[in-house]
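Residue numbers (my numbering): 43 to 97.
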């Protein structure tokens, strides 16, 4: 099985000197919709993750 090597682009975080990956997707808002009013369910979460991954 062949593996493909990819590199993640990094950018500087303001003037802090820190480098962070260019792709960031917070997932705290996904989960059980019964827990908190602002939480998105699995189906909607998958749509967001796919959109972020493709674009």
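Ideal placement from N, C-alpha and C gives every residue a C-beta, glycine not left out.
Contact check between the segment 84 to 92 and the segment 55 to 65: fewer than three CB pairs, one atom from each, fall below 8 Å, which does not count as touching. In the three-state reduction of the DSSP assignment, residue 96 falls in the helix class, which pools H, G and I. If you look at residue 47, you'll find it isn't in any beta strand (DSSP E); DSSP assigns it neither H nor E.
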